[in-house]
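Heads up, the thing below is written out as structure tokens.
Number of protein chains: 2
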Amino acid sequence: MTEQNPTANMENFSRSVREALAITQRGCEELLLTADWLRKLARAEASGQPLRIKLGLDPTAPDIHLGHTVVLTKLRQLQDLGHTVIFLIGDFTARIGDPSGRNTTRPPLTAEQVKENAETYREQAYKVLDPDKTELRYNSQWSEHLGARGLIELAAHYTVARMMERNDFHARFTAGHSISVHEFIYPLLQGYDSVALKSDLELGGTDQKFNLLMGRHLQQEYGQEPQCILTMPLLEGLDGVDKMSKSKGNYIGITENANTMFAKILSISDDLMWRWYTLLSMRPLHEIDDFKRQVAAGRNPKEIKVLLAREITTRYHSGAAADEAAHDFELRSRGGVPENIPEIQLPCPTEGLGIGLVLKQTGLAPSTKEANRLIAGGGVRLNSETISDRALILAPGSYVLQVGKRRFARVLLKV
Amino acid sequence: MTEQNPTANMENFSRSVREALAITQRGCEELLLTADWLRKLARAEASGQPLRIKLGLDPTAPDIHLGHTVVLTKLRQLQDLGHTVIFLIGDFTARIGDPSGRNTTRPPLTAEQVKENAETYREQAYKVLDPDKTELRYNSQWSEHLGARGLIELAAHYTVARMMERNDFHARFTAGHSISVHEFIYPLLQGYDSVALKSDLELGGTDQKFNLLMGRHLQQEYGQEPQCILTMPLLEGLDGVDKMSKSKGNYIGITENANTMFAKILSISDDLMWRWYTLLSMRPLHEIDDFKRQVAAGRNPKEIKVLLAREITTRYHSGAAADEAAHDFELRSRGGVPENIPEIQLPCPTEGLGIGLVLKQTGLAPSTKEANRLIAGGGVRLNSETISDRALILAPGSYVLQVGKRRFARVLLKV
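Those sequence lines, one after another, are chains B and P.
Sequential numbering of the first sequence, starting at 0, is according to numbering that gives the first Met the number 0.
Sequential numbering of the second sequence, starting at 0, is according to numbering that gives the first Met the number 0.
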């Protein structure tokens, strides 16, 4: 098997096929082989038969962050072209755990845990994916049935020398760190999933390239048309330096609340923003190019960043939650006080006015009784500080009063 | 696991245990660990519980020669000490064949072929082994049941680095020759057989040492007392130089006829004779030492070689067949004529005597008619040449006449 990437003669393909290729390649690290993928796209267009796009998932870590959604975003873009995503839960090996028993932090999962994790993952992934174009599969369906015999036959399709070419195996072997023989079996099983699923394309992170190529190799060994592989880069985290990860703390979990998500996105650098646009946004590339031109011509990049934050927050929450989060963000960026709040001037004795009366006279409360109730409930803020003393006397001066989340007034108590 | 062989304190063990150790070690290449084996022997003696001694067999080549019987001979010696031999047919992997499909000369065997080969092997092996102390087992009984999951768990108990220490893997890897991943699984399965059988000792050729140690390792991993391993050297063939093998033509098949077997043994050198005595004879070592002393004192070593040939021929055929073969050998070594045959003098006209009359007059045939029948049947030899012409006239002179296999006479036809 040679893994050259010959230049396909693009003129042989329709405009829509070439556009589909561009969408596939957007932000990607590597597509192998481009020519094969073009042929598959053209065949799908001619036959109306969608292509089968595989994403393998380890059901052990269901809580995903934006870094994980780079691949999901790509899958959604391909679904929007009409293709089918196979969301493959690697339950077979997860239920074995670490069979060497040396890694006690990786106990085998029960069938129930796997199912639960897979459901949690699916729930989260369906914020990005189109459920109608997604198949959920479990690889125990075919891996178990291989039996000892089938597994040996599978292992006959790959050499030790090629296995040792995998970066981590090579490094560990060279460093004298132990590799258990069963670790050679896992990539074979992952590759066999592609055979069982007859996949046309498999997605993964750059670090998965070896395993993705295994699927390609095994499909050929089993007499199938080999899948293409598409590797996506790892997303830089909030700091713009390290890859997004929980342990670095530079991540946005997709279940984080809308306000936090929105604000975190607004915190990234302009450079990182363009990167995230490429990898996380569903906006077509030409729109993003427009944005770049506008910024070059003087538009405040923050406005573009707000659009990204709105898009992503809408995806994981809702349009309303994104609006609310945008409002909240603006509010907090001005010390918590919105622009354009009503200004109300009240005559005030030199000894000052009671807070209840002020609330009533400004219309923030219908009565002093209601005002007292609001104060007792912690619903009243004076210059951004919650007050609890309903007997509080305000001396003449200027105040910002807030009732509940959204009702504000600037009050001038004038002697 | 350390594979040191600490000197056991022999004084702690009974005389019979120490003798059993000597029998075990007779002619062996290596016994690991001697101390463990002594403990097992002592325990067996104390409990009356026989030890379990494993010999794994590939059911693909049922036609065995004396070289293969070195190990069988050792097993028989151990059976004579009271222990149980487990004759293990490796049918599981034999029925997979070469799953890479690259070696078309090694197709998978059917269950029937395996059974048939195993039966043939057993029939041959029972010429050496004591059937009452032999269990015949097939490893598919437990290998199949491992399933894909069990096989992965098994493979987790061994590292790639240690696998690469196996001589042939190391050599092939270094030379850039391909090793398929499934080849790493076979030694694990062979080792797992020891776990399934709870074996106390495994025998094999020196070239099998790696696989024998695997059994020891896996038993420890599965919480069992590890087996000892006993490697036996490969037997030198008839030429005394190369190892006995069919392809070298320097072998004695155990199904070869008694006369051929006997004669081939008599053809070996005196040096090789002592080697074969050690490895193939059931005679106790002190008897063999006696023989050596006798030869040193002037006894013809051929007499000792005849005893070996008789022992081995008796084993694979019978005492009577060995007698017959000894006779035949002597006969042929004297041009086919036994010593001490009757000498008969007959008066003879100068023109000679007809063969039929000679046969009748010497008493080798009851009548000339019967003499003619014998000649027609090819049953009469004259000076070792079969004759067919019943009208043959013998001129005066001396002749050796033979009728059938055993009746001889030296005839002097005197004018």
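Even for Gly, the Cβ is constructed at its ideal location relative to N, Cα and C.
Same chain only: Cβ atoms within 7 Å of residue i, ignoring 5 sequence neighbours per side
| i | result |
| --- | --- |
| E152(P) | none |
| F168(B) | M162, I178 |
| G403(P) | G378 |
| N382(B) | Y398, V399 |
| L356(B) | T367 |
| A154(B) | I184, L187 |
| R171(B) | I178 |
| G81(P) | P49 |
| N11(B) | none |
| N249(B) | G236, L237, D238, D241, M243 |
Same chain, Cβ closer than 8 Å to residue i, neighbours up to 5 away in sequence not counted
| i | result |
| --- | --- |
| L128(B) | L71, L74, R75, Q78, V84, F86 |
| T385(B) | G377, V379 |
| V294(P) | D269, P300, I303 |
| E28(B) | T205, T230, M231, P232 |
| R282(B) | Y276, E310 |
Local Cβ density within 10 Å of residue i, reported as buried at 16 or more and exposed below that
| i | result |
| --- | --- |
| H64(B) | buried |
| R405(B) | exposed |
| T1(P) | Unreliable positioning characterises T1(P) in this predicted model, as indicated by a pLDDT of 42, which lies under 50. The coordinate reading is nonetheless provided below. Label assigned to T1(P): exposed. |
| S198(B) | buried |
| V414(P) | exposed |
| P58(B) | buried |
| A174(P) | exposed |
| Q48(P) | exposed |
| D35(P) | buried |
| E220(P) | buried |
Whole-angstrom distance between residue j and residue i, CA atom to CA atom
| i | j | result |
| --- | --- | --- |
| G353(B) | K359(B) | 10 Å |
| Q3(P) | L32(P) | Since pLDDT at Q3(P) reaches only 47, below the 50 mark, its modelled position is unreliable, and the value read off the structure follows with that caveat. Each residue's Cα considered, the two are about 7 Å apart. |
| I311(B) | R274(B) | 14 Å |
| T349(B) | L393(B) | 10 Å |
| A324(B) | R42(B) | 45 Å |
| E115(B) | G236(B) | 28 Å |
| Q226(B) | S193(B) | 8 Å |
| Y125(B) | V159(P) | 40 Å |
| M9(B) | L108(B) | 48 Å |
| P395(P) | I340(P) | 20 Å |
| K242(P) | Q24(P) | 21 Å |
| M260(B) | L150(B) | 45 Å |
N-terminal and C-terminal residue of the beta strand (DSSP E) that residue i is part of
| i | result |
| --- | --- |
| Y398(B) | 396 to 402 |
| L345(B) | 342 to 346 |
| A408(P) | 406 to 413 |
| Y137(P) | 133 to 137 |
| K53(B) | 51 to 56 |
| T59(B) | Premise fails: T59(B) is in no beta strand (DSSP E) and is neither H nor E. |
| E201(B) | 200 to 204 |
Short Cβ contact (7 Å threshold) for residue i with residue j
| i | j | result |
| --- | --- | --- |
| E224(P) | L211(P) | no |
| F91(B) | S139(B) | yes |
| V69(P) | L234(P) | yes |
| A147(B) | S142(P) | yes |
| G416(P) | L271(P) | Outside the shown range of chain P (0 to 414) lies residue 416(P), about which nothing can therefore be said. |
| L412(B) | C347(B) | yes |
| K39(B) | L56(B) | no |
| V305(B) | T361(B) | no |
| E258(P) | D327(P) | Going by the sequence as given, residue 258(P) is Asn instead of Glu. In this structure, D327(P) lies closer than 7 Å to N258(P) by Cβ. |
Residue range of the unbroken alpha helix (DSSP H) whose run includes residue i
| i | result |
| --- | --- |
| F12(P) | Premise fails: F12(P) is in no alpha helix (DSSP H) and is neither H nor E. |
| K73(B) | 68 to 79 |
| V357(P) | 354 to 360 |
| E220(B) | 208 to 220 |
| V159(P) | 159 to 162 |
| L363(P) | That residue, L363(P), is in no alpha helix (DSSP H); it is neither H nor E in DSSP. |
| K301(P) | 300 to 315 |
| I374(B) | 367 to 375 |
| T277(P) | 269 to 279 |
| M260(B) | 257 to 265 |
| R38(B) | 33 to 46 |
Proximal residues to residue i (C-beta, below 6 Å), its chain only, five neighbours per side dropped
| i | result |
| --- | --- |
| M213(P) | P186, G190 |
| Q401(B) | R380, F407 |
| I88(P) | L56, P58, A117, Y137 |
beta-carbon residue i near the ligand FAD non-hydrogen atom, thresh 6 Å
| i | result |
| --- | --- |
| L202(B) | Absence of the ligand FAD is noted for the structure shown, with no ligands found whatsoever. |
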